[in-house]
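First up is the structure itself, then whatever we jot down about it.
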Amino acid sequence: MAAQEIRQIISVLTAANDGIDYLADNGITGNEYLVDDILEAVSACLTHLESVVFYAGRVPDATQVLNYIGKLKSENCFAELKPLFDAWFEDVVVLLVSDKYHKKLLPNSFHNSVDTEFFYYMEFVKKTSFEGLCQFAFENLKKIKEQNEALYHDLTVKYRGWYFENNVLDGLNGVNNSLLINRMKVLKSRVADFEWFYGRLCDYRSKNVLNAIINNWLTFSTEGIAKAGDNIFPGNFDLDIIKYQKDEVFVDAGAYIGDTAASFVNTYGRNYKRIYTYEISKETFAVLEKNLAPLNNVVNNWKGVSDKRGEMYLNGVAGPFEGNKLGNNGLYKVEIVPLDEDIKEEITFLKIDVEGVDKEALLGAQRHIKNEHPKIVVDSYHKLADIVDIPLLINKMDRSYHFYLRYPPSELSFAMAYCIYAV
Numbered sequence: 001m002a003a004q005e006i007r008q009i010i011s012v013l014t015a016a017n018d019g020i021d022y023l024a025d026n027g028i029t030g031n032e033y034l035v036d037d038i039l040e041a042v043s044a045c046l047t048h049l050e051s052v053v054f055y056a057g058r059v060p061d062a063t064q065v066l067n068y069i070g071k072l073k074s075e076n077c078f079a080e081l082k083p084l085f086d087a088w089f090e091d092v093v094v095l096l097v098s099d100k101y102h103k104k105l106l107p108n109s110f111h112n113s114v115d116t117e118f119f120y121y122m123e124f125v126k127k128t129s130f131e132g133l134c135q136f137a138f139e140n141l142k143k144i145k146e147q148n149e150a151l152y153h154d155l156t157v158k159y160r161g162w163y164f165e166n167n168v169l170d171g172l173n174g175v176n177n178s179l180l181i182n183r184m185k186v187l188k189s190r191v192a193d194f195e196w197f198y199g200r201l202c203d204y205r206s207k208n209v210l211n212a213i214i215n216n217w218l219t220f221s222t223e224g225i226a227k228a229g230d231n232i233f234p235g236n237f238d239l240d241i242i243k244y245q246k247d248e249v250f251v252d253a254g255a256y257i258g259d260t261a262a263s264f265v266n267t268y269g270r271n272y273k274r275i276y277t278y279e280i281s282k283e284t285f286a287v288l289e290k291n292l293a294p295l296n297n298v299v300n301n302w303k304g305v306s307d308k309r310g311e312m313y314l315n316g317v318a319g320p321f322e323g324n325k326l327g328n329n330g331l332y333k334v335e336i337v338p339l340d341e342d343i344k345e346e347i348t349f350l351k352i353d354v355e356g357v358d359k360e361a362l363l364g365a366q367r368h369i370k371n372e373h374p375k376i377v378v379d380s381y382h383k384l385a386d387i388v389d390i391p392l393l394i395n396k397m398d399r400s401y402h403f404y405l406r407y408p409p410s411e412l413s414f415a416m417a418y419c420i421y422a423v
């Protein structure tokens, strides 16, 4: 929205406010036309706001204001109207001019295809019922079966149990399609959060990845995610986002066999201060220790990370396996620690990939995050809602973070193994 438009809206609403004051002082009789003018002006401003503000759902509600203005001809309700109008007017001004909200304002027509695509998805989700969204996704799954039997087999058979959160995609004749249903639930209920996240993403590579994820959820098409896939840099170390820093203190939560820590050293060199690794499987941990033995200043921990200290059980297999996770019962007990308690020195770089307890891991490191602003990379695909919950949580801890989204191609492509960066 241009500055001239903002000034015009504020000017019109200021005139409406003055008109209400005039009517309160001079009465309605003989000034009925002014009530109509005020009602028309406020309604026009509201309509214009809803047409150009990207977060249309965040435009301050004017229902009560309009109702009381409409009653002025028949009853004296200035005492009720004036504080309501003042509060609403103030909210509109804040929406229009505050730095906090300026990214929510976009012109009527978008200037590139990426913004247009995202806006189309959001408008479609807003206007379509939950049942309609489920039917739309189901019809697209039917098209895939008709047009690409191999892809349909991958989606419903090969990767049936790879979708995390116990989500399943049995297919057209199956009894359990919870993946489809739960994706639509997240999309439908979190539109405002998706819009917020899109507005906070700092480059169009990130925005394109988000579009690809939403498209995949709605259509099961893999074309978008194939194009959005990024394997330029090894591991999670995108050099356009994560710059070299001397004396880095790198924390790898969910370290597996040490491959990410090794990739960190290969990418940035050996001028780090310290590396901390955390791995919950003792069998995997043994491999990790062997792999990282040639490196100096590495602190390996056979522990899990969460928001509080305690013990949980390993769920998975007794051997090196990427998908091991924690539960209330399982193979054996594992110590759980918050990073705020376990690491006393300053953290400069935090990588988290802990199979669905990523938010808890962040909460357990919130002192470090609030006080030290470490670079953060989170593999955020383990829970559907984490695509918005993770950045919202980080933003709540420190509003100065800048967000990026990347999709490194992997064997988990059908589960969308994307990474959120906060720097």
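For the sequence shown, counting from 1, position 58 maps to 58 in full-length UniProt numbering; every step adds exactly one.
Just so you know, even glycine gets a beta-carbon here, dropped at the ideal spot from N, CA and C.
Taking every protein chain shown into account, the CB of Y163 has 16 or more other CB atoms within 10 angstroms, so this residue is buried. For F130, the enclosing alpha helix (DSSP H) has its first and last residue at F130 to Q147.
In the three-state reduction of the DSSP assignment, I232 falls in the coil class, being assigned neither a helical nor a strand state. With three or more CB-CB distances shorter than 8 angstroms, the stretch 293–310 counts as touching the stretch 326–339. Exclusion of the five residues before and after L350 leaves V251, P374 and I376 as the residues of its chain whose Cβ lies within less than 6 angstroms of its Cβ.
Taking every protein chain shown into account, the CB of A150 has fewer than 16 other CB atoms within 10 angstroms, so this residue is exposed. DSSP places D252 inside the beta strand (DSSP E), whose first and last residues are V249 to A253. In this structure, the beta-carbon distance from G356 to K396 does not fall below 8 angstroms. If you ignore the 5 residues before and after D247, its C-beta comes within less than 6 angstroms of the C-beta of K273, all in its own chain and listed in chain order. The UniProt domain "Methyltransferase FkbM" (252–383) is shown to contain whole beta strand (DSSP E) runs of 3 or more residues at 274–278, 298–301, 310–315, 325–327, 333–337, 349–352 and 375–379, in chain order. In the DSSP assignment, I387 falls within the unbroken alpha helix (DSSP H) covering D386 to M397. If you keep only unbroken alpha helix (DSSP H) runs of at least 4 residues inside the stretch 14–78, you get 32–52 and 63–71.
Here S221 has N140, I144 and N215 as same chain residues with Cβ atoms under 8 angstroms from its own Cβ, once five neighbours each way along the sequence are excluded. Look at Y120 here: in three-state DSSP terms it is helix. L292 and Y313 have their C-alpha atoms roughly 25 angstroms apart. In this chain, R183 is not harboured by any beta strand (DSSP E); it is covered by the alpha helix (DSSP H) spanning S178 to S189. G171 sits buried, since 16 or more C-beta atoms from the chains shown fall within 10 Å of its C-beta.
Bounds of any beta strand (DSSP E) do not take in L172, whose DSSP letter is neither H nor E.
By the CB criterion at 8 angstroms, Y407 and D230 fall inside the cutoff. When Cβ pairs closer than 8 angstroms are counted between the two stretches, the stretch 202–209 is seen not to touch the stretch 357–369, the count staying below three. In the three-state DSSP reduction, R205 falls in the helix class (H, G or I). Taking a 10 Å sphere around the C-beta of N297, we find fewer than 16 other C-beta atoms and assign the residue as exposed. In this structure, P320 and E283 form a Cβ contact; the two beta carbons are roughly 6 angstroms apart against a cut-off of 8 angstroms.
L405: member of the beta strand (DSSP E) spanning F403 to R406, first to last residue. The Cβ neighbour count for P391, taken over all protein chains shown within 10 Å, is at least 16; the residue is labelled buried.
Residues of the same chain with a CB within less than 6 angstroms of the CB of G310, apart from the 5 flanking positions on each side, are I336 in chain order.
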